[in-house]
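Report on the structure given below.
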Amino acid sequence: MSATGLLDVFRRSFFHLESRILQAIGFNNHAVVPALSVQGPGIFPQLHRNEETEEHSLLDNIFWMAAPKKRRTIEINRCRRRNPQKLIEIKTNIEPCSECGNLKQKHVLCGFCYEKVRRETAIIRGQIQAQEGKPLNNPAVETVVLYEGEKPADTDAGKRIVERKRQRPSWFTQY
Amino acid sequence: MRLTLPVLIAHGRYGRRMGLGPESRINMLRNILTGLVRHERIETTWARADEVRIYAEKLIDYAKKGDTDEKAMKMASFWLTEKDLVHKLFKVLVPRLGSEQRGYTRLFHIPNRDSLDRAKMAVLELRGNPFPPLVTRQPDSDGSLLNQLLRGYREEETQSRAAGGD
Numbered sequence: 002m003s004a005t006g007l008l009d010v011f012r013r014s015f016f017h018l019e020s021r022i023l024q025a026i027g028f029n030n031h032a033v034v035p036a037l038s039v040q041g042p043g044i045f046p047q048l049h050r051n052e053e054t055e056e057h058s059l060l061d062n063i064f065w066m067a068a069p070k071k072r073r074t075i076e077i078n079r080c081r082r083r084n085p086q087k088l089i090e091i092k093t094n095i096e097p098c099s100e101c102g103n104l105k106q107k108h109v110l111c112g113f114c115y116e117k118v119r120r121e122t123a124i125i126r127g128q129i130q131a132q133e134g135k136p137l138n139n140p141a142v143e144t145v146v147l148y149e150g151e152k153p154a155d156t157d158a159g160k161r162i163v164e165r166k167r168q169r170p171s172w173f174t175q176y
Numbered sequence: 258m259r260l261t262l263p264v265l266i267a268h269g270r271y272g273r274r275m276g277l278g279p280e281s282r283i284n285m286l287r288n289i290l291t292g293l294v295r296h297e298r299i300e301t302t303w304a305r306a307d308e309v310r311i312y313a314e315k316l317i318d319y320a321k322k323g324d325t326d327e328k329a330m331k332m333a334s335f336w337l338t339e340k341d342l343v344h345k346l347f348k349v350l351v352p353r354l355g356s357e358q359r360g361y362t363r364l365f366h367i368p369n370r371d372s373l374d375r376a377k378m379a380v381l382e383l384r385g386n387p388f389p390p391l392v393t394r395q396p397d398s399d400g401s402l403l404n405q406l407l408r409g410y411r412e413e414e415t416q417s418r419a420a421g422g423d
C-alpha cells in the first residue's frame, strides 16, 4: 500500500465517520434541501454581499497602512536617542558624610553611620530579650544602657539597666 | 502642605491605600505600631512609617487622658495587640512624652533596601529612647576655618577700636 493510498483510505473513513455522527444527531443529507424556494434575491444573497464587501475592505485597508517612507538617518536617530528627556537625570544632591566621609544623599542618613548604630541597637535588643526571658514580658519601666565602668546616675533610679561589655562608643553620647 | 497636583486631586483625603483593603491596612498599621511601642525604634518602608506616625501620635494623645479614661483604654487595647505594652504606654511613654505637644516620633530616611525591590526605607523612633542616637550634631570647633576667620576679624575690630579710642 502506497502513502497516497493510505491517505485516501484515511480521508474516506473520516468522511464516513462524520456522516455517521451527523446521522446520529439527526442532520441527514436528504434534509439539507430548502423547504421553500423563492425567486429573485432572498435572504442569502445579502450575507454574501456583506462577506464580499468585508473581504474587499480588509484588503484595501492592508494597502493603506502606515509604513516608513525613508530610512531614518543616523543623525536623526542620534537626535532622538540623546535628547535630555531620554537621558538619565544627574543627581546633584549627593555629598560626603561629615562623620565618615562616605557619600550620602542630602535628605537620607549616611549608610555607614546608620549601619554602625543599627548593629549596636541590635546587640542592646538582644540583651534586653535575654533579660526579659520569655516573650510578652516587657516591664513598664524605662531602660538605660550602661557601658564598662559606668555607674547608674541619680536620674536612673527606677530604670531597667542593660549592661554592655565594651567601652562607650564616641557616637553614643550621654545626654 | 504645598498645593501640588496630587494633593489637589486627593480632595482632602490623606490616608494611603495599603495591603488588601482598608481592614488589612488598619491591621498592618496596628502591627507596626505595636512593634514601635515595644522596640521604640523600627525600620520599615517610608510610606508605612509615615502612616504609622499619624496613628502613633494620636494614640499617645489619647493615652495622655489617663489610665482611668474609658475611651483611652479602649483605644490602647485595640491598637496594641500585646497587652504588656498597654501598661508600658500609660506608665512609661506618657510621663516621658507628656510635656511635648506633638512631636513624639522621629522619622528618618535611610538608604534603599538591599533586596531586588530597592524600596524606600525609613527609621521611625520614639523620642527619648535608650538607644544610640541616629543623628549626632557635631559641635562647632574653634579649629574650623570659618571660626578662625571670625576670630581674626573680632580681634582686628577690638584692636582698631582700642587704637581709635586712644
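For the protein sequence lines, the chains are A and B, in the order given. So the first sequence is numbered by our numbering: it starts at 2 and just counts up by one. So the second sequence is numbered by our numbering: it starts at 258 and just counts up by one. Glycine residues also receive a C-beta, built at the ideal position from the N, C-alpha and C atoms.
- Under 8 angstroms, do A/Ile95 and A/Leu88 count as touching if we go by C-beta distance? Within the first sequence, residue 95 of chain A is the residue found at index 94, counting from 1. Within the first sequence, residue 88 of chain A is the residue found at index 87, counting from 1. No. Outside cutoff.
- Task: Assuming B/Glu308 contacts B/Leu337 (C-beta within less than 8 angstroms), just tell me the rounded distance between them.
- Result: By one-based count along the second sequence, residue 308 of chain B stands at place 51. By one-based count along the second sequence, residue 337 of chain B stands at place 80. That pair is no contact at about 17 angstroms.
- Within 10 angstroms of its Cβ, does B/Glu357 collect 16 or more other Cβ (buried), or is it exposed? Counting from one through the second sequence, the residue named residue 357 of chain B turns up at place 100. Label assigned to B/Glu357: exposed.
- Message: I'd like to confirm the pairing. Which residues does DSSP put opposite B/Glu382 in its beta bridges?
- Response: The residue labelled residue 382 of chain B in the question sits at position 125 within the second sequence. Answer is B/Arg298, B/Arg363, bridged to B/Glu382.
- Would B/Ile430 be called buried (16 or more neighbouring beta carbons within 10 Å of its own) or exposed? The structure shown has nothing for residue 430 of chain B, since chain B only spans 258 to 423.
- Query: Do we get a CB-CB distance below 8 angstroms when we pair B/Arg298 with the residues of chain A?
  - Reply: If you number the second sequence from 1, residue 298 of chain B lands on position 41. It does; some Cβ of chain A falls within 8 angstroms.
- Where B/Leu350 falls, given that 16 or more other Cβ within 10 Å makes a residue buried: For the purposes of this step, residue 350 of chain B is identified with residue 93 of the second sequence, where counting begins at 1. It is buried - the Cβ of B/Leu350 has at least 16 other Cβ atoms within 10 Å.
- Task: Could you tell me the distance, in whole angstroms, from the CA atom of B/Asn404 to the CA atom of A/Gly102?
- Result: Here the question's residue 404 of chain B lines up with position 147 in the second sequence. Here the question's residue 102 of chain A lines up with position 101 in the first sequence. Near 21 angstroms, if we compare the C-alpha coordinates of A/Gly102 and B/Asn404.
- How far does the alpha helix (DSSP H) with A/Arg81 in it reach, from first residue to last? If you number the first sequence from 1, residue 81 of chain A lands on position 80. Secondary structure note for A/Arg81: its alpha helix (DSSP H) is the uninterrupted segment 75–83.
- Item | 8 angstroms Cβ cutoff met for B/Ala362 and B/Arg310 | Position 105 of the second sequence holds residue 362 of chain B. Position 53 of the second sequence holds residue 310 of chain B. It is Thr, not Ala, that sits at residue 362 of chain B in the sequence shown. A contact, by the Cβ cut-off of 8 angstroms.
- Item | Residues from the stretch 389–417 of chain B in contact with chain A, defined by Cβ distance under 9 angstroms | Pro389, Pro390, Leu391, Val392, Thr393, Gln395
- By a C-beta neighbour count over all protein chains shown, 10 Å radius and 16 as the cutoff for buried, is A/Cys80 buried or exposed? Locating residue 80 of chain A in the first sequence gives position 79, where the first residue counts as 1. Label assigned to A/Cys80: exposed.
- With 16 other CB atoms within 10 Å as the buried threshold, where does A/Ile125 fall? Counted from its first residue, the first sequence places residue 125 of chain A at position 124. Classification for A/Ile125: buried.
- Item | Nearest residue (CA-CA) to B/Gly355, options B/Ala419, B/Leu407, B/Lys315, B/Pro368 | Here residue 355 of chain B corresponds to residue number 98 of the second sequence, with the count starting at 1. For the residues B/Ala419, B/Leu407, B/Lys315, B/Pro368, the minimum Cα distance to B/Gly355 belongs to B/Lys315.
- Message: Would B/Leu342 pass as an interface residue toward chain A - the criterion being a Cβ-Cβ separation below 8 angstroms?
- Response: Mapped onto the second sequence, residue 342 of chain B falls at position 85. Using beta-carbon distances, B/Leu342 counts as an interface residue toward chain A, with a partner under 8 angstroms.
- Secondary structure of A/Lys105, DSSP reduced to three states: Working through the first sequence from its first residue, we reach residue 105 of chain A at position 104. In the structure shown, A/Lys105 sits in a strand (DSSP, three-state: E or B).
- Message: Let me see if you follow: with CB-CB separation under 8 angstroms, is A/Ile124 close to chain B or not?
- Response: Here residue 124 of chain A corresponds to residue number 123 of the first sequence, with the count starting at 1. For A/Ile124, the answer is no, since every Cβ of chain B falls outside 8 angstroms of its Cβ.
- Query: Exposed or buried, A/Tyr115, counting other C-beta atoms within 10 Å across all chains shown (16 or more means buried)?
  - Reply: Numbered from its first residue, the first sequence carries residue 115 of chain A at position 114. Classification of A/Tyr115: buried, given that the 10 Å Cβ count is 16 or more.
- Query: With a cut-off of 8 angstroms, does the C-beta of B/Ile317 fall near any C-beta of chain A?
  - Reply: Translated into positions along the second sequence, residue 317 of chain B becomes position 60. So no, B/Ile317 is outside the interface.
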